[in-house]
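Read through the structure below, which is laid out as C-alpha cells, and then see the notes.
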C-alpha cells in the first residue's frame, strides 16, 4: 500500500480538525461553520504545519455542493420554481447589476483595467450556494415562501454566472486584455463551416444548451429518474437504493456540466427536482443526508485553505470596502428590490440576509480572471478575504435582521393612519394595517396543548386533539401544511419551535401540555429544555427512534417518550398472542413513562 495518500490525509485532516474547531465554536455559541473555516486556515498553505492537498480539497467540496443542491431539489417542484419567477428573475438580475457596478467602481478606484474591475464586481455579486442553503435549512425556511424565493434567486444567479464564464474569455480575447478558448460548440461550428458567430453567437449557443438540458430533464428525466428509483426500490436492497440516489445526483450533475455547460450545482438541482415528483423523494433525501453534511463541511474547509491571514494587515481598507459591498451593498439592494415587489417585510429581510455573502462561483470567477490576465492577484486575494469574512458574518446578519424586523414592522404600521371612511373602506384600511401573511401573532389560548410539527405523526395527534375538542395550536414551518391547517380552522404558528420567541407566542407558560412530533431529537431536546424552564408543570410528550434517544429526551425533561419500533413489535406480538395463545398482551419491561407508536423510519425531516 502506498504511503503517500493525499486524498485520505485531506479528508481525515479536514474532517477531524473541522470537528474539533466546530465543537469549540458551538461551545462558544458561535456557528460551527466558523470552526470549519478556521480548520481550513490551519491546514492551508499560509499557516505552518500540515498542508492539505489544495487540488483535491475543492473537488471534494464540489461534491458537497452537488449533494446539497440535489437535496434542495428533492424539496422543490417545478410549480414552486415557476411560482417565484416573477420576483426571482428580475430581482436577481438587478441585484447582480448593482453589486457588479459597486465592484467595478472599487476596482477602477484601485487602478485596475475595466475587464478586471467587471470580473471583480461579478465575483462579489453572486452568493454561495452552500452558505445560503445551510442558513435556510438551519432555520427550516426551505419550504416557506421566503425559502422558495431565495432558492429561485440562487438559480437565476447560477445561470447568470454560467453565461458569464462563457462571455468573459471571449470578451477578453476580443478586447485584447487576454486570451482563452471560446465556447466549444461555437468553435466547432467555426471550424466545420467557417462561421464566426462572435459574442452574440456564443450567448445564443449557451442559452440553447441550457434550454436543451432543462427540456431533457423536464420531458425525459421526469419519467426516467423516478422510474429508475422505483425499480431499484423494488429490489429490496437499501444499499442499491442509496447507491442509486448518489449515482443520479452525481451523474446528472457531471453530465450536465460536460455536455451542456451547465454548472454542477444546477444539474444536481434539476435531478432532485424531477425525483421530487416520486413518493420515494423523502427516502432519497434521507439516504443522501449524511454524505451531504460531510462534504458540505469539506466545502468550508476548502474555503479556509485559500485564505491568507496576512492580507488583513497588508490591505485593511480595500478589505473593508469589499466587505461593505458584499454584506451591506448587496443586502440593502436585495431588501429594497423585494419590498418593491410588495413582498412581506420578513421575506425582504430573509432574502437580504441570505445574499450577504459570496462563495464558490466567486472563486471560479477570480481564478478565471487571474488566468486571463484581467484581474490582478490582489483582486483575487480581496475576493477570498471577502468570502471568508462575509461567511463568518452571515449568521450575525441573520441575527440583526431578526432583531430589526419588529422595529421596522412597528414603524411601518405607525405610518398607516386610517381616515374616516365608509364601512367597506374602513375594513380595507384595517386589513392594510394587519401584519403580513407570514407574520406570527401570539395566541389567546390558555390551558391548551401545543403540537410541534404536523407531519405523518403530528397530523394523527392533531386530528385526535381536534375530534376530542381539546384546545390546541400547531407550530409548523411548511407553508403548504400551514395553508392546509388554516383551511381546517386549526390555529397555527409559523416558525421553528427551537426559537424561544416562537414558544412564547404559543403561550408556553399557560399551556397544559406540549407534544413534540418532529423526528429530530437534537431539536426536540432544545424544545424540551426551554419548555421545562418556562413551565415546570407542563406535560411534555416526545418521540424517539432509539433507546439512546429515549434516555436523552427524558434526561432533558420529557415526561413521556414514544418510540415507534418497539411499539410496532409490541403490537405484532399482542396480535399473534391473541391468535396463538389467547394470552394477555406482551409487556417488555419498560415503565409507563416510555410508550411507543409510529411506524415510519427516522426521516431527514417532516
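Numbering (the working numbering), first residue to last: 1 to 606. We put the beta carbon where it would ideally sit given N, CA and C, even for glycine. Please read all numbers here as calculations on a predicted model, not as lab measurements.
Since residue i is in the beta strand (DSSP E), which residue starts that stretch and which ends it?
i	result
residue 279	Where residue 279 is concerned, there is no enclosing beta strand (DSSP E), given that its DSSP letter is neither H nor E.
residue 543	539-544
residue 627	Any answer about residue 627 is impossible in this case: the structure gives the chain only from 1 up to 606.
Could you tell me whether the Cβ atoms of residue i and residue j are closer together than 9 angstroms?
i	j	result
residue 353	residue 291	no
residue 213	residue 37	no
residue 71	residue 379	no
residue 157	residue 125	yes
residue 330	residue 98	yes
residue 355	residue 153	yes
residue 393	residue 323	yes
residue 100	residue 118	yes
residue 475	residue 511	no
residue 528	residue 267	no
residue 358	residue 123	yes
residue 270	residue 256	yes
residue 21	residue 34	yes
residue 301	residue 43	yes
residue 552	residue 563	no
residue 164	residue 365	yes
residue 544	residue 521	yes
residue 347	residue 138	no
residue 131	residue 391	yes
residue 325	residue 386	yes
residue 239	residue 478	no
residue 517	residue 561	no
residue 451	residue 531	no
residue 229	residue 273	no
residue 41	residue 309	yes
residue 503	residue 534	yes
residue 402	residue 349	yes
residue 95	residue 333	yes
Terminal residues of the continuous alpha helix (DSSP H) containing residue i?
i	result
residue 333	330-340
residue 62	56-74
residue 364	360-371
residue 38	32-42
residue 572	564-580
residue 85	85-109
residue 319	316-323
residue 224	222-234
residue 533	521-534
residue 20	6-27
residue 556	547-556
residue 242	238-260
residue 500	500-505
residue 346	345-354
residue 135	129-138
residue 119	114-125
Alpha carbons only, please: which of the options is nearest the one belonging to residue i?
i	options	result
residue 343	231, 88, 307, 574	88
residue 449	491, 483, 477	491
residue 362	524, 161, 333	161
residue 8	60, 27, 47	60
residue 155	40, 165, 129	129
residue 446	453, 473, 463, 460	473
residue 279	328, 320, 340, 222	222
residue 557	541, 338, 571, 564	541
residue 369	107, 150, 20, 19	107
residue 64	253, 93, 515	253
residue 496	389, 219, 28, 524	524
residue 209	218, 245, 261	261
residue 297	26, 49, 39, 333	39
residue 404	389, 345, 395	345
residue 288	242, 304, 265	242
residue 54	305, 224, 569, 533	305
residue 396	341, 133, 327, 90	327
residue 141	32, 377, 398	398
DSSP has residue i in a bridge; who is on the other side?
i	result
residue 476	494
residue 452	475, 516
Can you find a CB in chain B that lies within less than 9 angstroms of the CB of residue i?
i	result
residue 513	Structure shown: chain B not included; a single protein chain is present.
Given the structure, does residue i come close to the ligand GDP, in the sense that its CB is under 8 angstroms from one of the ligand's heavy atoms?
i	result
residue 117	Annotation note on the ligand GDP: not contained in the displayed structure, which lists no ligands.
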